[in-house]
Amino acid sequence: MSEICEDAPYTAGRSADESVPASTPAVPDYMREIYDWAYINPRLVPLLDRQIVVQAILWGNANRLVKTAVDEFSPGQSILQPAHVYGRLCAELASRVGPAGRLEVRDVTPIQVARARAKLAGHTNAIVIHADSARPFDRKYDGVCCFFLLHEVPDDYKTKIVNNVLDATGPGGKAVFVDYHQWRWFHPMGPIMWFVFRYLEPLAPSLCASEIREFAGDADGFTWTKQTFFGGLYQKVVAVRK
Ligand SMILES: C[S@@+](CC[C@H](N)C(=O)[O-])C[C@H]1O[C@@H](n2cnc3c(N)ncnc32)[C@H](O)[C@@H]1O
């Protein structure tokens, strides 16, 4: 059974399962100001949290982007997913690492923590933690799967999250970032994406204007590879710790 807990310190002398958290992470301003409808509104969230919706939002590419992310990991590994993702990513990651592995999903929004917990209820190897991924992680993982999180956070969060993810990647481990990318000028979806970014995803253009490694303080400590998809609209960046 999956667990849910907070990232605040636990009462001394009690196990994490028994303890009461001292505080809960605040929902960041950008979540309330930009993404309330998408990730907080309790009427809309259940409607949106479906693989078919994600598939539509990503122009039919969600399944292959999930697959290319999950394929980076192996049975027996410990994997961090620093934000919940609509659809089936977390269940597929839990299945990929298998009973000898461990999946830890974190999210800063209580309703998203609950969604992840429900999806992972049948996975004894998974834990869901209510936490802000802009705060440092307290352990190392074999891998981190950061799926379409960076384009939704302000630049200071991008920097913190990228560096926290890299810091949490253990020796020989890999951090996998799947997200938007600057598409080619003649991309047929370009005008629609301009509209989407302008009105729905205002924090995304700065991600597309940069390489993800540019947010990293210790970029040279990793070997970086980048693959693009769908005319350059999406990217998978893999950073393997040297
Ligand atoms: C991963 S992103 C977008 C993923 C993708 N668009 C989808 O289909 O779900 C959305 C998630 O990130 C979470 N999130 C945003 N900022 C976060 C932060 N600083 N720490 C942890 N989770 C965060 C939101 O609560 C939400 O569940």
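Oh and the sequence shown: position 105 is 105 in full-length UniProt numbering, straight run, nothing missing. Beta carbons: idealized from backbone N, C-alpha and C, even for Gly. Since the model is a prediction, treat every value here as computed from it, not as a measurement.
Any C-beta of chain B under 9 Å from that of residue i
i, result
"V178", "You won't find chain B in this structure, because it holds only one protein chain."
Of the listed residues the options, nearest to residue i (C-alpha basis)
i, options, result
"V53", "N41, N125, R88", "R88"
"E211", "R198, Q182, I192", "Q182"
"C208", "H130, P188, D155, V108", "D155"
"V70", "V165, L47, A175", "A175"
"D107", "P188, P205, V128, L48", "V128"
"V97", "P75, R117, A91", "P75"
"P136", "K158, V196, F195, D220", "K158"
"C146", "K140, V162, Y199", "V162"
"Y234", "A219, G221, A204, D220", "A204"
"residue 268", "D167, P99, G122", "Because the chain is modelled from 1 through 242, residue 268 falls outside the range shown and cannot be assessed."
"R213", "L58, A100, M193, K160", "K160"
"T124", "R139, K140, V144, P99", "P99"
"W37", "F73, A216, L200", "L200"
"G122", "F197, E92, W194", "E92"
"N164", "R43, A216, F197, F195", "A216"
Start and end residues, beta strand (DSSP E) containing residue i
i, result
"I129", "126–130"
"W185", "Counting along the chain, W185 falls outside any beta strand (DSSP E), and DSSP gives it neither H nor E."
"F177", "169–180"
"E104", "102–107"
"F221", "Rather than Phe, the amino acid found at residue 221 in this sequence is Gly. From DSSP, G221 is part of no beta strand (DSSP E); its letter is neither H nor E."
Start and end residues, alpha helix (DSSP H) containing residue i
i, result
"I40", "It is not in any alpha helix (DSSP H) - I40 carries neither H nor E in the DSSP assignment."
"S206", "205–208"
"K67", "62–70"
"Q51", "51–57"
"V97", "89–97"
"Q77", "Premise fails: Q77 is in no alpha helix (DSSP H) and is neither H nor E."
"K236", "First-last for K236: 234–241, but that is the beta strand (DSSP E), not the alpha helix (DSSP H)."
"Y141", "From DSSP, Y141 is part of no alpha helix (DSSP H) but of the beta strand (DSSP E) over 141–147."
"A116", "110–119"
"I192", "190–199"
"Y30", "29–34"
Residues near residue i in its chain [Cβ-Cβ closer than 6 Å; skip 5 each side]
i, result
"V45", "I111"
"A12", "Unreliable positioning characterises A12 in this predicted model, as indicated by a pLDDT of 26, which lies under 50. A coordinate reading is not provided."
"T225", "V238"
"F73", "I79, R96, G143"
"S206", "D155"
"F197", "A204, P205"
Contacts around residue i, its chain only, beta-carbon distance under 8 Å, and the 5 residues preceding and following it disregarded
i, result
"R50", "Y86, G87"
"T68", "V178, Q227, F229, K236"
"C90", "Q81, H84, L103, V105, A116, K119, L120, A126"
"G232", "H181, Q182, W183, R184, H187"
Beta-carbon gap between residue i and residue j smaller than 9 Å
i, j, result
"R94", "A62", "Note on identity: in this sequence residue 94 is Ala, with Arg being the wrong assignment. Against a cut-off of 9 Å, the Cβ pair of A62 and A94 comes out as no contact."
"V240", "G172", "yes"
"P202", "A131", "no"
"L58", "L65", "yes"
Contacting residues, own chain, Cβ-Cβ under 7 Å from residue i (five flanking each side not counted)
i, result
"T109", "V27, M31, Y39, I40"
"Q55", "A62, N63"
"D142", "Q77, S78, I79, G170, G173"
"D218", "L166"
"K242", "G221, F222, T223"
"P42", "I111"
- Item | At least 3 beta-carbon pairs within less than 8 Å: the stretch 144–158 vs the stretch 113–123 | no
- Task: Would you check if the stretch 72–82 and the stretch 27–37 touch, i.e. whether three or more CB-CB distances between them fall below 8 Å?
- Result: no
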